[in-house]
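Scroll down for the structure; my scribbles are underneath it.
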Amino acid sequence: MVRFGIIGTNWITERFLDAASQVDDFQLTAVFSRTEERAQEFASKYNAPYTFTNITEMAESDELDAVYIASPNSLHKEYAVQLMNGKKHVLCEKPMASNVKEVEEMITAAQSNHVLLMEALKTSFLPNFKVIQKNLHRIGKVRRYVANYCQYSSRYDGYKEGKILNAFKPEFSNGSIMDIGVYGLYPMVVLFGEPKEVKANGMMLDSGVDGEGTVLATYEDMEGIVMHSKITNSQLPSEIQGEEGSLLLDPIHKPDRILFRDHKGTEEDLSVPQNQNSMYDEIYEFIQLINHKQTESAINSFQNSKIVAQIMEEARKQIGITFPADKK
Numbered sequence: 001m002v003r004f005g006i007i008g009t010n011w012i013t014e015r016f017l018d019a020a021s022q023v024d025d026f027q028l029t030a031v032f033s034r035t036e037e038r039a040q041e042f043a044s045k046y047n048a049p050y051t052f053t054n055i056t057e058m059a060e061s062d063e064l065d066a067v068y069i070a071s072p073n074s075l076h077k078e079y080a081v082q083l084m085n086g087k088k089h090v091l092c093e094k095p096m097a098s099n100v101k102e103v104e105e106m107i108t109a110a111q112s113n114h115v116l117l118m119e120a121l122k123t124s125f126l127p128n129f130k131v132i133q134k135n136l137h138r139i140g141k142v143r144r145y146v147a148n149y150c151q152y153s154s155r156y157d158g159y160k161e162g163k164i165l166n167a168f169k170p171e172f173s174n175g176s177i178m179d180i181g182v183y184g185l186y187p188m189v190v191l192f193g194e195p196k197e198v199k200a201n202g203m204m205l206d207s208g209v210d211g212e213g214t215v216l217a218t219y220e221d222m223e224g225i226v227m228h229s230k231i232t233n234s235q236l237p238s239e240i241q242g243e244e245g246s247l248l249l250d251p252i253h254k255p256d257r258i259l260f261r262d263h264k265g266t267e268e269d270l271s272v273p274q275n276q277n278s279m280y281d282e283i284y285e286f287i288q289l290i291n292h293k294q295t296e297s298a299i300n301s302f303q304n305s306k307i308v309a310q311i312m313e314e315a316r317k318q319i320g321i322t323f324p325a326d327k328k
């Protein structure tokens, strides 16, 4: 049984716990929140016996083995490093950290403490993502990867009324590419590796983060296009185009539908059943790695997380986005 602590008491943590309840060897032991009242409230709801408001005390506790971090992006590195120095395994929500330097610090802490660190980017663990990998050869030489994920943020209404919530504050290392674009970038890197060149543009909001944007990644013989937004919606699917056919992915962040088409007019639905909660497979993988004493995922590897962080940092640089975390 792996005894888990959680950091964050929002909707994504509730989704995590719903998925985790379906995984053998998961046990919720502790809840961390900035206030004791909120920690107690959440712990009571999910029958967790311990609460923390101090990260050092949580890191030093003997009552947990692993921690799921769903705090604001800007706090990922600080919390993760302290927890790993306390010999805790860490499953960290995407994006892994604010920038490449922080990702590297997290990897170093994991390696020096011989604990597992994994970025919780769920897409690459889903059964239908394995379907993509298995059938990629059928479309011939890949020439273009197009990822489209645009999701209007409910917090943008408040932003337009003059209330800048956390989702649009640079001090929390947020913005469209960090919160949404990562879902298009990570699968690209898992499938095709590191691009040779990255070009990016986006629309800056007055708060200092991007509202939407596009990343063009150039490879040796193909290109990757990632469109992302927190201020518009899109119903367009994503697609991998090859010289002999294409694979349609819908939606990119949790592909429920995989459609193969070739140039002869053949169309085949390759989709397989997936857990209704798309976080299930990443949690299962994380616990399996712990049980097998592995300290790195071969899928969401350190290298993949680092490459994605490099792409996002370069994209932010070209758009003109600087986080307070970048100046430390």
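Numbered according to UniProt numbering, the sequence shown spans residues 1 to 328.
Positions of the beta carbon are idealized from the N, C-alpha and C atoms, including for glycine.
- DSSP places A59 in the uninterrupted alpha helix (DSSP H) bounded by 55 to 60.
- M279 has its alpha-carbon roughly 12 Å from the corresponding atom of P255.
- Under the DSSP assignment, F26 falls in the beta strand (DSSP E) whose first and last residues are 26 to 32.
- In the DSSP assignment, Q276 falls outside any alpha helix (DSSP H) and carries neither an H nor an E.
- K196 and Y219 do touch by the CB rule: their CB atoms are close to 6 Å apart, below 8 Å.
- Apart from sequence neighbours up to five positions away, the residues of its chain that approach Q82 with a beta-carbon distance below 7 Å are I55, T56, A59, ordered along the chain.
- If the five residues before and after M84 are omitted, its C-beta is found closer than 7 Å to the C-beta atoms of V90, A109, A110, N113, V115, L117, all from its own chain and listed in chain order.
- Annotated three-state conformation of K134 is helix, per DSSP.
- Here the C-alpha atom of P251 lies approximately 39 Å from the C-alpha atom of E63.
- The beta carbon of F42 sits closer than 7 Å to the beta carbons of T9, V31, S33 from its chain, once the five residues preceding and following it are set aside; these are given in chain order.
- Around the CB of M203, fewer than 16 other CB atoms lie within 10 Å, so the residue is classed as exposed.
- DSSP lists no beta-bridge partner residue for T322.
- Your pair V189 and N304 checks out as a contact, with CB atoms roughly 5 Å apart and the cut at 8 Å.
- Note that the C-beta distance between V100 and A309 is below 9 Å.
- Within the same chain, and ignoring the five residues on either side of L165 in sequence, the residues whose Cβ sits closer than 8 Å to its Cβ are R155, G158, Y159.
- The C-alpha of L126 lies about 7 Å from the C-alpha of Q274.
- Assignment of alpha helix (DSSP H) within the region 41 to 108, counting only whole runs of 4 or more residues, yields 55 to 60, 76 to 85 in chain order.
- Contact between T35 and A70 is ruled out by a C-beta separation of about 16 Å, above the 8 Å threshold.
- For A120, the three-state secondary structure derived from DSSP is strand.
- A distance below 9 Å separates the beta carbons of Y186 and L121.
- In the three-state reduction of the DSSP assignment, I299 falls in the coil class.
- In the same chain as I180, and ignoring 5 residues on each side of it, the C-beta atoms closer than 8 Å to its own belong to Y149, C150, Q151, H228, S229, K230, in chain order.
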